[in-house]
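Protein chains in written order, with UniProt numbering: chain A, 1 to 207; chain B, 1 to 207; chain C, 1 to 207. Glycine residues also receive a C-beta, built at the ideal position from the N, C-alpha and C atoms. The model shown is predicted, which means the values in this text are computed figures rather than measured ones. Some notes on the structure that comes next.
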Amino acid sequence: MTPLAALDYASVIVFAISGALAASRAQLDLVGFAFVACLTAVGGGTLRDVLLNRDAVFWIADPAYIVIACLVAAVVFFTAHLFESRQKALMWADAVALSVAVAAGAGVALKLGQPPVIVALMGVATGCFGGLMRDVVCNEVPLVLKQGELYASAALAGALALLFASYIELPSIFEFIFCGILTFTLRAGSMIWGWSLPVYKSRPPKN
Amino acid sequence: MTPLAALDYASVIVFAISGALAASRAQLDLVGFAFVACLTAVGGGTLRDVLLNRDAVFWIADPAYIVIACLVAAVVFFTAHLFESRQKALMWADAVALSVAVAAGAGVALKLGQPPVIVALMGVATGCFGGLMRDVVCNEVPLVLKQGELYASAALAGALALLFASYIELPSIFEFIFCGILTFTLRAGSMIWGWSLPVYKSRPPKN
Amino acid sequence: MTPLAALDYASVIVFAISGALAASRAQLDLVGFAFVACLTAVGGGTLRDVLLNRDAVFWIADPAYIVIACLVAAVVFFTAHLFESRQKALMWADAVALSVAVAAGAGVALKLGQPPVIVALMGVATGCFGGLMRDVVCNEVPLVLKQGELYASAALAGALALLFASYIELPSIFEFIFCGILTFTLRAGSMIWGWSLPVYKSRPPKN
Numbered sequence: 001m002t003p004l005a006a007l008d009y010a011s012v013i014v015f016a017i018s019g020a021l022a023a024s025r026a027q028l029d030l031v032g033f034a035f036v037a038c039l040t041a042v043g044g045g046t047l048r049d050v051l052l053n054r055d056a057v058f059w060i061a062d063p064a065y066i067v068i069a070c071l072v073a074a075v076v077f078f079t080a081h082l083f084e085s086r087q088k089a090l091m092w093a094d095a096v097a098l099s100v101a102v103a104a105g106a107g108v109a110l111k112l113g114q115p116p117v118i119v120a121l122m123g124v125a126t127g128c129f130g131g132l133m134r135d136v137v138c139n140e141v142p143l144v145l146k147q148g149e150l151y152a153s154a155a156l157a158g159a160l161a162l163l164f165a166s167y168i169e170l171p172s173i174f175e176f177i178f179c180g181i182l183t184f185t186l187r188a189g190s191m192i193w194g195w196s197l198p199v200y201k202s203r204p205p206k207n
Numbered sequence: 001m002t003p004l005a006a007l008d009y010a011s012v013i014v015f016a017i018s019g020a021l022a023a024s025r026a027q028l029d030l031v032g033f034a035f036v037a038c039l040t041a042v043g044g045g046t047l048r049d050v051l052l053n054r055d056a057v058f059w060i061a062d063p064a065y066i067v068i069a070c071l072v073a074a075v076v077f078f079t080a081h082l083f084e085s086r087q088k089a090l091m092w093a094d095a096v097a098l099s100v101a102v103a104a105g106a107g108v109a110l111k112l113g114q115p116p117v118i119v120a121l122m123g124v125a126t127g128c129f130g131g132l133m134r135d136v137v138c139n140e141v142p143l144v145l146k147q148g149e150l151y152a153s154a155a156l157a158g159a160l161a162l163l164f165a166s167y168i169e170l171p172s173i174f175e176f177i178f179c180g181i182l183t184f185t186l187r188a189g190s191m192i193w194g195w196s197l198p199v200y201k202s203r204p205p206k207n
Numbered sequence: 001m002t003p004l005a006a007l008d009y010a011s012v013i014v015f016a017i018s019g020a021l022a023a024s025r026a027q028l029d030l031v032g033f034a035f036v037a038c039l040t041a042v043g044g045g046t047l048r049d050v051l052l053n054r055d056a057v058f059w060i061a062d063p064a065y066i067v068i069a070c071l072v073a074a075v076v077f078f079t080a081h082l083f084e085s086r087q088k089a090l091m092w093a094d095a096v097a098l099s100v101a102v103a104a105g106a107g108v109a110l111k112l113g114q115p116p117v118i119v120a121l122m123g124v125a126t127g128c129f130g131g132l133m134r135d136v137v138c139n140e141v142p143l144v145l146k147q148g149e150l151y152a153s154a155a156l157a158g159a160l161a162l163l164f165a166s167y168i169e170l171p172s173i174f175e176f177i178f179c180g181i182l183t184f185t186l187r188a189g190s191m192i193w194g195w196s197l198p199v200y201k202s203r204p205p206k207n
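In structure tokens, the structure reads:
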């Protein structure tokens, strides 16, 4: 298995967990769990593959991804009640999945010889879209739009780290590691210690 | 006309009805009706064709689909007030459309030689996505996410029936019929008698 | 630069402004501004290019579009507080972007030799989808669905004007000008003087 395929597998598993946890909050049945888990798990990578015009979307080329997402959904269906807080579990699963998916997205774009701007954007889009679709479909406020949290910013920083590692010609496995660790550190720091960038504030008097 | 094209036509007509009824609930004008009707009518099939990398999306290859969806929207615009309950009419139109679209989606994937997992998923995705987009755009809770109803489950059962019929080598017209009838029966039973699968329940004490 | 590329640039800039203004209403940080601005700016054109199966999505073929959308987002981040009403500014930016994007969408479809129905639809879809995605993601009621306003209708009229200009064989620059001016006039008239088409009304007694 290539490192890129391993990243796709890891991101599918962790995103499927976060999707199934969102389904548990919406109190769906087993098939509903599988539906939201699959949507979340392959959403970002599908967007990447369609936009980059790859020969086939990754999960159509290898249906094992779908089987795995469904198995994960089934496991979560029977064990989600064990979590102290499913919302917290969802957010941590999402953070791990984001970190892995950014590396997977940017890595594929880099391998296809895209320019740096597209590599960075594909990293951010692959990372953010699965979760965005999960939240839009489940009618929750998208995590990517929560005020005062690093999310798209963490993804962008990770993608830039990958570009830098590639620029100084590190072996590609280190590109992925740097990207994933930086993204996860920033996202986790934001969740635990409230790290954030300054947000836009309207003038106090009006509006 | 091939059976697959006939299925696409039927699904476009019935989904367009459900989309136009949703537009009537949002009190849009005639062009708004046509917009939501087209979105709902071709949403699922478009997703299918883009994911499966077909030469052209079905309604670009044959614009008659769009003309039909617009005509349907116009008819509903002038007759929707005749329905006793537009919400109920919407749900039944959606149930019929779902049944037809699952057969259309799974049938195309099967004909392209996709493996069973992808055939089943394409059936579910083609069936569910038009209605999902209609509900997200019109800001209603997606039918596919209503608790305690068979929806994605009905679609999945229908797609599996189609796979089984194909496995025992029935003529393809029977594949479509079995798939459509099973999907519709399950969905209708859920709407009338409340058939459902057990849903996820959080522990009573907390969360 | 061809007129079609110029239209894409103009539409990216003005949609990016509207996206960044939506981000300011959601009080996001700088990267959040860039995210919503890019999504809004390239959403419609991306849909058009994927559906029409063009060799590459326009902003992947030329990443300058993304760079521009990010710069616009940064400028809005630091200047949005200068607007008297950001909601009003957003709606006018959206109106200009709609007018330009309809011309860009219909123009590309016409150049690819698509039949009139598809040209009209691509104009409407390219015009409406960027803003639709912005509003769905930011959890606002989509402008395209506001009751009693010309929006999809204005886009459709503009696309038909372009088709007419092409039919009487005017130079293509006039096609774009007629299309853009008609769309903008109808949209602006709707915003200022309340121009509208009759909307669907349910019967008074029940519903």
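F77, A80, H81, S85 and R86: these are the residues of the segment 70–89 of chain C whose beta carbon lies less than 8 Å from some beta carbon of chain A, given in chain order. Sequence-distant partners of V42 of chain B (beyond 5 residues in either direction) whose C-beta falls short of 6 Å from its own C-beta, in its chain, are W59. Residues of chain C whose Cβ lies closer than 8 Å to the Cβ of L28 of chain B are, in chain order, L145, Q147, V199 and Y200.
Annotation: the continuous alpha helix (DSSP H) that includes K88 of chain C extends over R86 to K111. The segment 49–57 of chain C makes no contact with the segment 10–22 of chain B: fewer than 3 CB pairs, one atom from each, lie closer than 8 Å. Below the 9 Å Cβ cutoff, chain B contributes V136 as neighbours of V136 of chain A, in chain order.
Per DSSP, V57 of chain B is not a residue of any alpha helix (DSSP H), being assigned neither H nor E. When 7 Å is used as the limit between beta carbons, V141 of chain A is near these residues of chain C: N139, in chain order. Relative to E175 of chain C, the option among C:Y151, C:K111 and C:A93 whose CA is nearest is C:K111.
Sixteen is the threshold: when 16 or more other Cβ atoms of the shown chains lie within 10 Å of the Cβ of P142 of chain C, as they do, the residue is buried.
The DSSP-derived three-state label of V141 of chain C is coil. The Cβ-Cβ distance between V31 of chain A and V100 of chain A does not fall below 8 Å. Annotated as distal: G123 of chain B and A97 of chain B, with beta-carbon spacing of 8 Å or more. When Cβ-Cβ separations below 8 Å define contact, I181 of chain C makes no contact with chain B. Residue-level contact check: A56 of chain A touches chain B, since one or more beta carbons of chain B fall below 8 Å from its beta carbon.
Judged by DSSP in its simplified three-state form, D8 of chain A adopts helix. In the same chain as V144 of chain A, and ignoring 5 residues on each side of it, the C-beta atoms closer than 6 Å to its own belong to C128, L132, Y151 and A152, in chain order. At a cut-off of 8 Å between beta-carbon atoms, S190 of chain C makes no contact with chain B. Listed along the chain, the chain C residues whose CB falls inside 7 Å of the CB of V50 of chain B are V50. When Cβ-Cβ separations below 8 Å define contact, V100 of chain A makes no contact with chain B.
The beta carbons of L7 of chain B and A103 of chain B sit closer together than 8 Å. One thing to note: A34 of chain B has its Cβ no nearer than 8 Å to the Cβ of A93 of chain B. If you compare the alpha carbons of B:Y200, B:V199 and B:G189 with that of M91 of chain B, the shortest gap goes to B:G189.
For A104 of chain C, there are no C-beta contacts with chain B under 9 Å, since the nearest C-beta of that chain is about 18 Å from it. At a cut-off of 8 Å between beta-carbon atoms, S166 of chain B makes no contact with chain A. For the segment 105–129 of chain C, the set of residues with a beta-carbon nearer than 8 Å to any beta-carbon of chain B comprises Q114, P115, V117, I118, L121, V124 and C128, in chain order. Using a Cβ-Cβ cut-off of 8 Å, L156 of chain B counts as an interface residue toward chain A, since at least one Cβ of chain A sits closer than that to its own. If you compare the alpha carbons of A:S18, A:N139, A:I66 and A:A64 with that of A80 of chain A, the shortest gap goes to A:S18. DSSP places D29 of chain C within a strand segment (E or B) once states are collapsed to three. At least one beta carbon of chain B lies nearer than 8 Å to the beta carbon of G32 of chain A. For V136 of chain B, same chain residues with a beta-carbon under 8 Å away, outside a window of 5 residues either side, are P142 in chain order. Taking 8 Å as the threshold, the shortest C-beta distance from L160 of chain C to chain B does not fall below it.
Residues of chain A with a Cβ closer than 8 Å to the Cβ of V67 of chain C are, in chain order, V117. Approximately 7 Å separates the beta-carbon atoms of G158 of chain C and G180 of chain C; this is inside 8 Å, confirming the contact.
The alpha-carbon separation between T183 of chain C and A161 of chain C amounts to approximately 9 Å. Residues of chain A whose Cβ lies closer than 8 Å to the Cβ of F15 of chain C do not exist, since the nearest Cβ in that chain is about 16 Å away.
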